[in-house]
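**Q**
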Amino acid sequence: MGQARAHLLASLWAFYLILAISMVTGDLTNDLDILWGNSKVFYDNSGKQTISLTLDRWTTSAFRSKSTYLFSRIDMDIKLVAGDSAGTVTTLYMITEGLWQFHDEIDLEFLGNSTGEPYTLHTNLYARGKGGREKRYKLWFDPTADFHTYTIIWNQRNILILVDDKLIRQIKNNLMYSVPYPTYQPMRVYGSIWNADDWATMGGRVKTDWSQAPFTAYFRNYRAIACPPQQSSPLCGQSSGNWFNQELDVTRKQQLQEVDANYKIYDYCTDTKRFKDNLPKESTVGRLANWSDDRTSKSTPDYRIQAGSFLLKLWFRPIFISFFMPTSSCQQMMSSSYTFQESKHTPQSAYSLRHFALAKAMGQPRAQLLPSMSMAALYLILATSPVISDMTDSLDMLWGNTQVLYDSTGHQIVSLSLDRWTTSAFRSKTKYLFARIDMDIKLVAKDSAGTVTTLYMITEGLWDIHDEIDLEFLGNTTGEPYTLHTNIYARGTGGREKQYRLWFDPTEDFHTYTIIWNPQMILILVDGTPIRQMKNQLRNDIPFPLYQPMRLYTSIWDADDWATQGGRIKTDWSQAPFTAFFRNYQANACIPYKTAWICSQGSNDSSWFTQDLDEEGKQKLKDVDDNYKIYDYCTDSRRYPNGYPPECGSQ
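The numbers in the working numbering rise by one with no breaks, and the one at position 368 of the sequence shown is 370.
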């Protein structure tokens with residue numbers, strides 16, 4: 003690849019993708035957990051371990067994989083319910099385990115039928131919570147007479163569904179056209195059988211005949227060639243096989259055409275009754291997507307998959323400029339007024355325009371690398387989007403006794419109240435990938451013991467790998483000082499608590515609390531004074547929030563089991579309601595634009611993105627540590643008798 007390129011790729015210390023496969027084969031019980039219902043594991047006449055899933059009037063049954071995967075090839079042999087299976091659904095699917103409204107899912111659902119009538123294979127995809135991409139097929143064999151192999155291939159290019167190694171469906175990654183696609187949330191494999199006679203067979207007209215129960219389907223030969231999530235990030239280990247980079251050759255394209263022509267019975271992309279105004283976007287981007295795939299396959303060397311380009315395209319797009327570009331170039335781009343618009347002519351023009359923009363900012367030698375890395379996606383053009391307006395323009399009120407009012411100075415204020423029955427909260431309308439957040443807060447006055455008022459940022463994906471930046475104000479009895487409790491989670495790892503006594507009464511007036519989150523560090527400030535810094539030490543394998551967008555939340559809630567003096571002082575509900583006030587919400591941030599985390603120009607101060615502590619800031623931080631810090635996990639020898647966490651001593 004040449005010494006210069008090799009050196010550049012080697013310098014991607016935080017973002018290596020050493021693509022490998024975790025090969026899962028063996029007894030089913032080694033790889034699968036039986037979840038519930040009448041599920042049995044036995045050996046069939048051929049000596050193969052088999053799982054049977056049974057449905058009766060009272061019980062469904064299911065299993066799932068022990069592991070989650072980020073990209074995979076899944077094969078499973080299935081023998082479906084014989085006889086009258088109308089109303090039943092047997093499934094093989096992959097699904098994420100985070101918030102439902104942002105979940106990803108790849109579905110194969112086998113819809114039963116009356117005796118002698120063919121099964122329907124119903125397929126669907128959800129990405130970032132958006133589904134409705136149904137396609138249905140009549141199988142060309144009796145799936146109840148013997149086992150047949152069903153396959154899901156999920157890689158960064160496309161999702162392929164195969165039956166007995168015949169391709170029946172392809173879903174391309176069209177993120178560049180603003181079509182959601184599963185790219186970073188790990189999924190788990192599930193198999194199940196359940197009753198769906200309200201829709202499964204002839205639209206629900208044929209019901210389940212429970213006199214035919216139990217209904218039993220059989221599963222064997224589970225094989226998962228996959229990328230298992232690692233401890234600090236969902237990356238892969240070492241590779242063999244071609245599924246990860248698999249696309250369609252001539253044979254596969256012919257298979258797909260044959261299935262479409264002879265066995266496909268429903269396609270949402272042609273359902274004009276359902277989509278009266280416009281068909282879904284992905285229905286119309288095939289020509290450009292085909293061009294993109296052809297260009298990629300012809301021009302991209304193999305090393306692209308072995309190192310940083312793949313990560314840059316999918317997971318770490320937003321870090322591209324901050325990693326490759328000197329600070330001076332970032333500042334030059336911020337002060338420039340480039341306008342980027344897709345060409346109305348050839349795709350080549352659009353590609354060249356993006357390449358030209360980066361060449362201007364990065365310098366031609368670095369920009370020359372881009373075509374060879376096939377970065378056919380939108381790039382991060384660094385500036386900031388300031389959010390400074392009425393609170394209700396930028397925030398959503400979520401629940402509880404939340405009120406919007408104006409104070410005597412004309413500032414719009416949000417009040418959050420807590421009583422014995424109700425908490426309250428609001429959140430930002432927008433998610434951010436790196437941000438400076440400022441909020442003025444006036445805390446609960448007088449006896450606030452047991453209450454917690456919060457200002458925090460948090461991701462909305464899987465909890466096990468979530469990121470979070472916490473400011474929690476722990477109430478106290480009248481006259482006693484508040485405690486500001488801070489914590490940071492990265493890739494699901496927290497336990498980084500530091501606590502402070504504030505040097506003023508935070509209930510008498512508003513004070514400004516700030517979170518600065520950029521690729522170099524997280525910085526927490528109070529009235530402009532830095533009180534805590536966490537540096538990005540990914541090079542030392544210390545997790546740091548880097549590519550998952552976060553949303554801002556505030557809330558007030560009862561935590562008298564721990565909040566005040568370790569839970570010894572309880573909430574005095576005779577003092578309720580407890581009310582905190584918020585105003586002057588400001589977010590200078592990188593916000594989403596279509597499919598990329600592109601930032602738009604407009605802020606008078608973009609320095610936060612590259613901000614670090616100068617000597618004055620370091621001295622202020624030291625003063626706070628010396629005078630106001632009351633707890634630091636990095637000095638808690640009782641908690642860590644065998645040695646402090648690796649980041650301690652270098653913050």
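Glycine included, C-beta positions come from ideal geometry on N, C-alpha and C.
Applying the criterion that 16 or more other CB atoms from any shown protein chain within 10 Å of the CB defines a buried residue, is T117 buried or exposed?
**A** With fewer than 16 Cβ atoms within 10 Å of its Cβ, T117 is classed as exposed.
**Q** Pull up the distance between the alpha-carbon of L554 and that of K433, whole angstroms please.
**A** 7 Å
**Q** Helix, strand or coil: how does DSSP classify L623 here?
**A** helix
**Q** Can you check which of these residues, A591, T151 and T98, is closest to P188 by C-alpha distance?
**A** Considering only A591, T151 and T98, the residue with the shortest C-alpha distance to P188 is T98.
**Q** Can you name, in chain order, every residue of its own chain whose Cβ lies under 6 Å from the Cβ of G100, other than the five neighbours on each side?
**A** G463 and L464
**Q** For the pair the stretch 430-448 and the stretch 55-67, tell me if three or more CB-CB distances fall below 8 Å.
**A** no
**Q** Looking at the unbroken beta strand (DSSP E) that takes in S396, where does it start and where does it end?
**A** S396 -> not in any beta strand (DSSP E); alpha helix (DSSP H) instead, spanning M393 to S396.
**Q** On a CA-only basis, which of F221, T146 and I170 is nearest L30? Give me that one, please.
**A** F221
**Q** In terms of residues, what are the limits of the beta strand (DSSP E) holding L527?
**A** M523 to V528
**Q** Could you pull the start and end residues of the beta strand (DSSP E) that Q501 belongs to?
**A** K500 to R503
**Q** In terms of DSSP beta bridges, what is Q172 paired with?
**A** Note: Q172 sits in a beta bridge opposite L162.
**Q** Please identify the residue among D167, R276, A226 and Y139 whose C-alpha is closest to the C-alpha of T253.
**A** D167
**Q** Quick one: give me the first and last residue of the alpha helix (DSSP H) that K99 is part of.
**A** For the sequence presented, residue 99 should be read as Glu rather than Lys. Per DSSP, E99 lies in no alpha helix (DSSP H) segment and is marked neither H nor E.
**Q** Please confirm if the stretch 152-166 is in contact with the stretch 44-56, defined as three or more CB-CB distances below 8 Å between the two stretches.
**A** no
**Q** Over the uninterrupted alpha helix (DSSP H) stretch that includes Q259, give me the two end residues.
**A** Run containing Q259: V252 to N264, per the alpha helix (DSSP H) assignment.
**Q** Who are the near neighbours of D107 in its chain, counting only those whose CB is closer than 6 Å to its CB and skipping five residues on each side?
**A** First, the amino acid is wrong: residue 107 is Glu here, not Asp. Once the five neighbours on either side are set aside, the close Cβ partners of E107 are I97 and Y128.
**Q** Going by alpha carbons, who is nearest to D86 out of N115, W142, L72 and K68?
**A** N115
**Q** Counting C-beta neighbours from all protein chains within 10 Å, is the total for I593 16 or more, i.e. buried, or is it exposed?
**A** buried
**Q** Please state if the CB of Y265 and the CB of K140 are separated by a distance shorter than 8 Å.
**A** yes
**Q** Ignore the nearest five residues each way along the sequence and tell me which others in R534's own chain have a CB closer than 7 Å to its CB.
**A** T488, K500 and I526
**Q** Can you tell me whether DSSP reads R541 as helix, strand or coil?
**A** helix
**Q** Buried or exposed, going by whether 16 or more other CB atoms sit within 10 Å of the CB of K174?
**A** buried
**Q** Could you tell me the distance, in whole angstroms, from the CA atom of A226 to the CA atom of S67?
**A** 9 Å
**Q** On the three-state DSSP scale, how would you describe L30?
**A** helix
**Q** Would you call the CB atoms of K42 and A219 closer than 8 Å?
**A** no
**Q** Is Y192 a contact residue of the ligand GTP, with contact defined as CB to any heavy atom under 7 Å?
**A** With respect to the ligand GTP, the structure offers nothing, as it holds no ligand at all.
**Q** Helix, strand or coil for F611 per DSSP?
**A** helix
**Q** Going by beta carbon distance, what residues of the same chain come within less than 7 Å of H468, once the five residues before and after it are set aside?
**A** Hits under 7 Å: I460, T461, Y491 and G494.
**Q** Nearest-angstrom Cα distance between T153 and L540?
**A** T153 and L540: Cα-Cα distance of roughly 36 Å.
**Q** Please name the residue in A215, N520 and N32 whose C-alpha comes closest to that of G89.
**A** A215
**Q** Tell me, please, whether the stretch 575-583 touches the stretch 436-455 by the rule of three or more beta-carbon pairs shorter than 8 Å.
**A** yes
**Q** Does G193 come out as helix, strand or coil in the three-state DSSP assignment?
**A** G193 falls in the strand class under three-state DSSP.
**Q** Using only the alpha-carbon positions, how far apart do T146 and G131 sit?
**A** 33 Å
**Q** Could you tell me the distance, in whole angstroms, from the CA atom of M364 to the CA atom of N32?
**A** The predicted position of M364 is uncertain, since its pLDDT is 30 and thus under 50; a value taken from the coordinates is nonetheless stated next. If I take the Cα positions, the gap works out to 50 Å.
**Q** Taking the beta carbon of G193 as the centre, do at least 16 other beta carbons fall within 10 Å, making it buried, or is it exposed?
**A** buried
**Q** Going straight from the alpha carbon of Y458 to that of Q256, what length do you get?
**A** 52 Å
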